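J.: Handing you a structure now.
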Amino acid sequence: LESLLLLVLWVLASQPGPLSTFSTPGTQDATAAATAEKGLHMQKVGSGSVRAALAELVALPCLFTLWPRPGAAREAPRIKWTKVRTASGQRQDLPILVAKDNVVRVAKGWQGRVSLPAYPRHRVNATLLLGPLRASDSGLYRCQVVRGIEDEQDLVPLEVTGVVFHYRAAQDRYSLTFAEAQEACRLNSATIAAPRHLQAAFEDGFDNCDAGWLSDRTVRYPITQSRPGCYGDRSSLPGVRNYGRRDPRELYDVYCFARELGGEVFYVGLARRLTLAGARAQCRRQGAVLASVGQLHLAWHEGLDQCDPGWLADGSVRYPIQTPRRRCGGPVPGVRTVYSFANRTRFPSPGERYDAYCFRGEATPFECASPGGHAPRACTFIPAAPPGVWLSSRGGDQAGERHKKTCCAVSRAPRERSYL
Ligand SMILES: *[C@@H]1O[C@H](CO)[C@@H](O)[C@H](O)[C@H]1NC(C)=O
Ligand SMILES: *[C@@H]1O[C@H](CO)[C@@H](O)[C@H](O)[C@H]1NC(C)=O
333 LESLLLLVLW VLASQPGPLS TFSTPGTQDA TAAATAEKGL HMQKVGSGSV RAALAELVAL
393 PCLFTLWPRP GAAREAPRIK WTKVRTASGQ RQDLPILVAK DNVVRVAKGW QGRVSLPAYP
453 RHRVNATLLL GPLRASDSGL YRCQVVRGIE DEQDLVPLEV TGVVFHYRAA QDRYSLTFAE
513 AQEACRLNSA TIAAPRHLQA AFEDGFDNCD AGWLSDRTVR YPITQSRPGC YGDRSSLPGV
573 RNYGRRDPRE LYDVYCFARE LGGEVFYVGL ARRLTLAGAR AQCRRQGAVL ASVGQLHLAW
633 HEGLDQCDPG WLADGSVRYP IQTPRRRCGG PVPGVRTVYS FANRTRFPSP GERYDAYCFR
693 GEATPFECAS PGGHAPRACT FIPAAPPGVW LSSRGGDQAG ERHKKTCCAV SRAPRERSYL
């Protein structure tokens, strides 16, 4: 709606007003002179969303040009960065920093995580360096430059990808050597988390009282709400507990980091629930496979919310909750795990019946109604394809000639494929 409003304003502003319609040559010249005098211009980046992974550093670009205006040459521009929207689209108005006269003032809550690396050496480069990134940094950022009565701004969307999750083996708590921990993450579309990943997740509120391996062979766990049994090496303070580097044969759980979904996870709920083998077969019938634990966490991160436990590829049973509610596993959002024992150990046995979560990869070829009836050959994915249903055919259809056909999957989220 906001962009529509802006467009309307822009259209109104670009209409010749009554002033110019009825103006004499003299006032027209004055208008032209005023335009030439305007010395502040934002170079709109407009290159779409900036994407970066959790715990990385990212540069949010903001460039402008400045011409000394007669009589105002010495006035320094004022740069202001603000976060204006959350990832879920809620309006925000969080000042981040203000820079003027070679002094940068950073707002509380952003100190130590933001800087203007080019300022004041290159005064017209207001690029903001932000990180290590947290998931909650996703959203829309505004760069505003003001000099005198001139005021320009640009908007930069940021998307932080990747999610950290705790993983416990099927049989029992604390049963993974370091090598087995690495393998468990790999089998679940993830890698073993680095300490910086766990720290970033902790800063967004991740709390888990289970010691787990990390990539540097240390064993740690994140505690935001300190409580007996979870004090570790930090007594009653919040923080990431650290057992230090351990013998790789010792046994713990693990923290994994999954970076990119590269497809879609969808829920399958049949009236007659499924055994583990039945769930595998059902996903296959729908052109997919059972989702891994990493894939379910990434789908949850992207908004999947389903209060129905379902089988996953590792033989565990889990479900993703965005909006906590009664009888959906507790008061905080997260992926819930169904264990056999009250002490939160042991996956359900494969003969038990649940729903299923399937995964369909972006690179998975599929059939579609190709216009003109030509059978699709090799299938490549167009990463930046716009959403929505779209059928088209481009290029020559002669034998050997490259041509493109685009069609949509029959799944919930339409995907486009290009055939060469
Ligand atoms: C602006 O500054 C950033 C950060 O130092 C740098 O990476 C980028 O190349 C600069 N851009 C221009 C056009 O100077
Ligand atoms: C959890 O409970 C099961 C069954 O009572 C038991 O076999 C297992 O050792 C327990 N695990 C832990 C870590 O307490």
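Positions in the sequence shown are counted from 1; adding 332 to them yields the working numbering. Don't be surprised by glycine CBs; every beta carbon is placed ideally from N, CA and C. Just so you know, these numbers come straight off a predicted model, no measurement behind them.
By DSSP, does residue 453 sit in helix, in strand, or in coil?
T.: Residue 453 falls in the coil class under three-state DSSP.
J.: So which residues touch the region around ligand 1, with touch meaning a C-beta under 5 Å from any heavy atom?
T.: Taken from the N-terminal end onward, the list reads 449, 450, 457 and 459.
J.: With which residues is residue 486 paired in a DSSP beta bridge?
T.: Answer is 475.
J.: For residue 674, which option in 504, 540, 418 and 495 has the closest C-alpha, if you only look at C-alpha atoms?
T.: The residue with the shortest Cα to Cα distance from residue 674 is 504.
J.: The alpha helix (DSSP H) spanning residue 385 covers which residue range?
T.: No alpha helix (DSSP H) holds residue 385; the beta strand (DSSP E) holding it covers 382 to 385.
J.: Of all residues in the structure, which have a C-beta closer than 6 Å to any heavy atom of ligand 2, taken in chain order?
T.: Taken from the N-terminal end onward, the list reads 504, 505, 673, 675 and 677.
J.: In this structure, how does DSSP classify residue 684 when only helix, strand and coil are distinguished?
T.: DSSP places residue 684 in coil when its eight states are reduced to three.
J.: Answer yes or no: do residue 671 and residue 678 have a C-beta to C-beta separation smaller than 9 Å?
T.: Closer than 9 Å, so yes.
J.: Using DSSP with H/G/I as helix, E/B as strand and the rest coil, what is residue 413?
T.: Strand at residue 413.
J.: Would you identify the three-state DSSP class for residue 615, choosing helix, strand or coil?
T.: Residue 615: helix per DSSP, three-state reduction.
J.: Between which two residues does the alpha helix (DSSP H) carrying residue 424 extend?
T.: Residue 424 -> not in any alpha helix (DSSP H); beta strand (DSSP E) instead, spanning 423 to 432.
J.: Since residue 590 contacts residue 495 with CB under 8 Å, what's their CB separation in whole angstroms?
T.: Residue 590 to residue 495, Cβ: 6 Å. Contact.
J.: Considering residue 514, what are the terminal residues of the alpha helix (DSSP H) in which it resides?
T.: Its alpha helix (DSSP H) spans residues 510 to 518.
J.: Going by beta carbon distance, what residues of the same chain come within less than 7 Å of residue 278, once the five residues before and after it are set aside?
T.: Limits of the chain in this structure are 333 at one end and 752 at the other, which puts residue 278 out of reach.
J.: In three-state terms, what does DSSP make of residue 360?
T.: At residue 360 the pLDDT is 40, less than 50, meaning the model places this residue with poor confidence; the figure from the coordinates comes in the next sentence. Of the three classes helix, strand and coil, the one that applies to residue 360 here is helix, per DSSP.
J.: Residue 595 and residue 694 - do their beta-carbons sit closer together than 9 Å?
T.: Yes; because the gap between Cβ atoms is below 9 Å, this pair is in contact.
J.: Whose C-beta lies closer than 6 Å to the C-beta of residue 582 among residues of the same chain, with five residues either side of it excluded?
T.: The answer is none, since no qualifying residue turns up.
J.: Tell me whether residue 632 sits in a helix, a strand or coil according to DSSP, three-state version.
T.: Note: residue 632 maps to helix in three-state DSSP.
J.: Using a Cβ-Cβ cutoff of less than 8 Å, which residues in the same chain neighbour residue 650 once the five nearest sequence positions on both sides are dropped?
T.: Same-chain partners within the cutoff: 625, 628, 641, 642, 644, 667, 668, 669, 670 and 689.
J.: Excluding the 5 residues flanking residue 491 on each side, which residues of the same chain have their C-beta closer than 6 Å to its C-beta?
T.: Here the set comprises 381, 383 and 470.
J.: Quick one: Cα of residue 610 to Cα of residue 683, how far?
T.: Near 9 Å, if we compare the C-alpha coordinates of residue 683 and residue 610.
J.: So residue 460 is in the beta strand (DSSP E); what residue range does that whole segment cover?
T.: Element bounds for residue 460: 460 to 462.
J.: Count the other CB atoms, across all protein chains shown, that sit within 10 Å of the CB of residue 409; report buried if there are 16 or more and exposed otherwise.
T.: Answer is buried; the Cβ neighbour count reaches 16.
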